[in-house]
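Trainee:
Number of protein chains: 2
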Amino acid sequence: MAAGRPRSFCKNQALDRALEVFRRKGFDGASICDLTEAMGINPPSLYAAFGNKEQLFCQALDRYGDVYAERRAAVLAAPTAREGIEALLRDAVINLTDKTKPSGCLYVQAIVGGGEHSACIRKMLKAKREDSERAIFNRLECAKAAGELPGGTDPAALARYITTVGQGLAVQAAGGATRKDLDRVVDFALGAWPA
Amino acid sequence: MAAGRPRSFCKNQALDRALEVFRRKGFDGASICDLTEAMGINPPSLYAAFGNKEQLFCQALDRYGDVYAERRAAVLAAPTAREGIEALLRDAVINLTDKTKPSGCLYVQAIVGGGEHSACIRKMLKAKREDSERAIFNRLECAKAAGELPGGTDPAALARYITTVGQGLAVQAAGGATRKDLDRVVDFALGAWPA
DNA sequence: ATGCTTATGTAGTGGTCACTACATTATTTC
DNA sequence: GAAATAATGTAGTGACCACTACATAAGCAT
Numbered sequence: 005m006a007a008g009r010p011r012s013f014c015k016n017q018a019l020d021r022a023l024e025v026f027r028r029k030g031f032d033g034a035s036i037c038d039l040t041e042a043m044g045i046n047p048p049s050l051y052a053a054f055g056n057k058e059q060l061f062c063q064a065l066d067r068y069g070d071v072y073a074e075r076r077a078a079v080l081a082a083p084t085a086r087e088g089i090e091a092l093l094r095d096a097v098i099n100l101t102d103k104t105k106p107s108g109c110l111y112v113q114a115i116v117g118g119g120e121h122s123a124c125i126r127k128m129l130k131a132k133r134e135d136s137e138r139a140i141f142n143r144l145e146c147a148k149a150a151g152e153l154p155g156g157t158d159p160a161a162l163a164r165y166i167t168t169v170g171q172g173l174a175v176q177a178a179g180g181a182t183r184k185d186l187d188r189v190v191d192f193a194l195g196a197w198p199a
Numbered sequence: 005m006a007a008g009r010p011r012s013f014c015k016n017q018a019l020d021r022a023l024e025v026f027r028r029k030g031f032d033g034a035s036i037c038d039l040t041e042a043m044g045i046n047p048p049s050l051y052a053a054f055g056n057k058e059q060l061f062c063q064a065l066d067r068y069g070d071v072y073a074e075r076r077a078a079v080l081a082a083p084t085a086r087e088g089i090e091a092l093l094r095d096a097v098i099n100l101t102d103k104t105k106p107s108g109c110l111y112v113q114a115i116v117g118g119g120e121h122s123a124c125i126r127k128m129l130k131a132k133r134e135d136s137e138r139a140i141f142n143r144l145e146c147a148k149a150a151g152e153l154p155g156g157t158d159p160a161a162l163a164r165y166i167t168t169v170g171q172g173l174a175v176q177a178a179g180g181a182t183r184k185d186l187d188r189v190v191d192f193a194l195g196a197w198p199a
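Residue numbers (my numbering), protein chains in the order written: chain A, 5 to 199; chain B, 5 to 199.
1) A:S35: buried (16+ other C-beta within 10 angstroms of its C-beta) or exposed?
2) Does DSSP classify A:N142 as helix, strand or coil?
3) Would you check if the distance between the CB atom of B:T167 and the CB atom of B:S136 is smaller than 8 Å?
4) Contact between the region 54-67 of chain A and the region 110-117 of chain A: three or more CB pairs below 8 Å?
5) What residues in the region 61-95 of chain A bring their beta carbon closer than 7 Å to a beta carbon of chain B?
6) Output needed in chain order: residues of the region 29-52 of chain B with a Cβ under 8 Å from some Cβ in chain A.
7) Only counting the same chain, and skipping five residues up and downstream in sequence, which positions put a Cβ closer than 8 Å to that of A:A42?
8) Jot down the residue ranges of each uninterrupted beta strand (DSSP E) in the region 23-82 of chain B, minimum 3 residues, whole runs only, in chain order.
9) For B:E87, which of helix, strand or coil comes out of DSSP?
10) With burial defined as no fewer than 16 other Cβ atoms inside 10 Å of the residue's Cβ, what is the status of B:Q17: buried or exposed?
11) At a cut of 8 Å, does the region 142-157 of chain A reach the region 85-98 of chain A through at least three beta carbon pairs?
12) Straight-line CA distance for B:L129 to A:D32?
13) Could you check what DSSP says for B:C124 in three-state terms: helix, strand or coil?
14) If distances are taken between C-alpha atoms only, which option among A:E134, A:L173, A:K184 comes closest to A:G69?
15) First and last residue of the alpha helix (DSSP H) that includes A:P201?
16) Please confirm whether B:A131 and B:L80 have their CB atoms less than 8 Å apart.
17) Rounded to a whole number of angstroms, what is the C-alpha to C-alpha distance between A:N99 and B:G170?
18) So what does DSSP say about A:P198, is it helix, strand or coil?
19) Using a beta-carbon distance below 8 Å, is A:G151 in contact with chain B?
20) Please go through the same chain and pick out, in chain order, the residues whose beta-carbon is closer than 7 Å to the beta-carbon of B:R75, but skip the five residues on each side of it.
21) How is the alpha helix (DSSP H) around B:A178 delimited, first residue to last?
22) Hey, B:L173 and B:V97 are a contact pair by Cβ (cut 8 Å); roughly how many whole angstroms apart?
23) Quick check: what's the CA-CA separation for B:D187 versus B:E90?
24) Using beta-carbon positions only, say whether B:R183 and B:T101 come within less than 8 Å of one another.
25) For A:L50 and A:K105, what's the separation of their Cα atoms in angstroms?
26) Using the beta-carbon count (16 or more within 10 Å), is B:V71 buried or exposed?
27) Specify, as a first and last residue, the run of the alpha helix (DSSP H) that B:A181 falls within.
28) Starting from A:L110 and walking both ways along the alpha helix (DSSP H), at which residues does that stretch end?
29) Indicate the three-state DSSP secondary structure (helix, strand or coil) for B:E137 in the structure shown.
30) Comparing C-alpha positions only, which one of B:A53, B:Y165, B:Q59, B:L194 sits nearest to B:P10?
31) Considering Cα atoms alone, identify which of B:F192, B:G179, B:A160, B:P159 is closest to A:G156.
32) For A:L110 and B:S12, I'd like the C-alpha separation in whole angstroms.
33) Determine the DSSP secondary structure at A:A149, reduced to helix, strand or coil.
34) Give the residues of chain B in contact with A:A193, contact being defined as C-beta atoms less than 9 Å apart.
35) Which residues, taken in chain order from the region 134-148 of chain A, show a beta carbon closer than 9 Å to some beta carbon of chain B?
36) Quick one: what's got a C-beta closer than 6 Å to A:A177's C-beta in the same chain, skipping five residues either side?
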């Protein structure tokens, strides 16, 4: 069994480059030419390594989601749920307004943008969205069990509210809002915390 | 001076059809063929009446914005700011989840989606966004003057928070959230109202 | 070294894109 | 009715799209 010529580029690094292009131009707006140029490879290498444009997008979404799932887990591990959620939103603001990258969130863009994605992409979007909301929900349920939340609080609804605020922040960032603007939004958003 | 052959279609109705296509497919995803088919006209008529694809999109955005500006003004006219804002968000939920139309908001989609729009489109998006936030801000300032809000409240920040929640709702709707889901989000969001 | 396997670079493929030339038709003005 | 004007339908235009055929290069096993 022979092993063949080795790949001359790092798959994850290429994915990160592709992700940036998708983030800046959207799925439809990003051409294979844009992508290959940013990734530093030629079309046949892209297709050999990633399948096609949709599958490349899926893999970029997957990687992007994994990276942020780690951060999410880290900030949610704060002593109290309230601190964890605040950290989550503050962290989101920082990421969304990071000037070294295109503003906004790839997930929000993919959900709202195109609209007619393939089944593979829709599935991935749904899964990652649910992962995120479930992580928040779990933290809240845990908090409720610990007596941090009033008895009447619905953790699922609160989780969805927090998710919605996060998505709103992503839209704001894409529209050019500053970090200061968004931090004040977070201040207000946390005012909804059940007392 | 002669007047020429009259246009055989209603410009506003054609704009509404175009708007629906853009809303469903996004700017990049909507082809001229998609548009002309939905509008019931041929390409030369489209170009003669609207200029080009970008200008058509601009005009669709303009019309869309005007329609919702009216609704906004109507609901914000409620006796108190708190009632007005609640009505605004409840109305948004209803519109965003209207099953007879593609879910979501064209503005949010345009802001978050593509990314590399022409100057004309970016200008329009910015203007409409500011119109919306200013309408909320004005209502809040008026409320503050009337003693409805605590002295320390920053109407600009509150207006941005409300706008952000509305944008988050649009993302949720685009992602398939139900009216019930979003109404519960609004319940929480209003919990942030300064006391 | 030779054969096997896999990645790479060059150079395209058909298809669709936004957009338009042109002849024709419909309407108003004179 | 004739001239002027403007919208319409047919049928394209070159450009760019996602994607690939093919010859070559680079590594491993023997």
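Backbone N, C-alpha and C fix where the C-beta goes; we use that ideal spot for every residue, glycine too.
Mentor: Answer, in terms of the structure:
1) exposed
2) helix
3) yes
4) yes
5) none
6) K29, G30, D32, G33
7) Within the same chain, R21, A22, E24, V25 come within 8 Å of A:A42 by CB-CB distance, once the 5 residues on both sides are set aside.
8) none
9) helix
10) exposed
11) yes
12) 20 Å
13) helix
14) A:E134
15) Here chain A comprises residues numbered 5 to 199, so residue 201 of chain A is not present and cannot be evaluated.
16) no
17) 21 Å
18) coil
19) False, the Cβ-Cβ gap to chain B never drops below 8 Å.
20) D95
21) 159-178
22) 6 Å
23) 10 Å
24) Yes, the pair counts as a contact, with Cβ atoms nearer than the cut-off.
25) Cα to Cα, A:L50 sits roughly 23 Å from A:K105.
26) With fewer than 16 neighbouring CB atoms inside 10 Å of its own CB, B:V71 falls in the exposed class.
27) Here B:A181 belongs to no alpha helix (DSSP H), and DSSP marks it neither H nor E.
28) 110-116
29) Three-state DSSP puts B:E137 in a helix.
30) B:A53
31) B:F192
32) 42 Å
33) helix
34) Below the 9 Å Cβ cutoff, chain B contributes Y165, T168, V169, A193, A196 as neighbours of A:A193, in chain order.
35) none
36) Hits under 6 Å: L100, T101, S107, G108.
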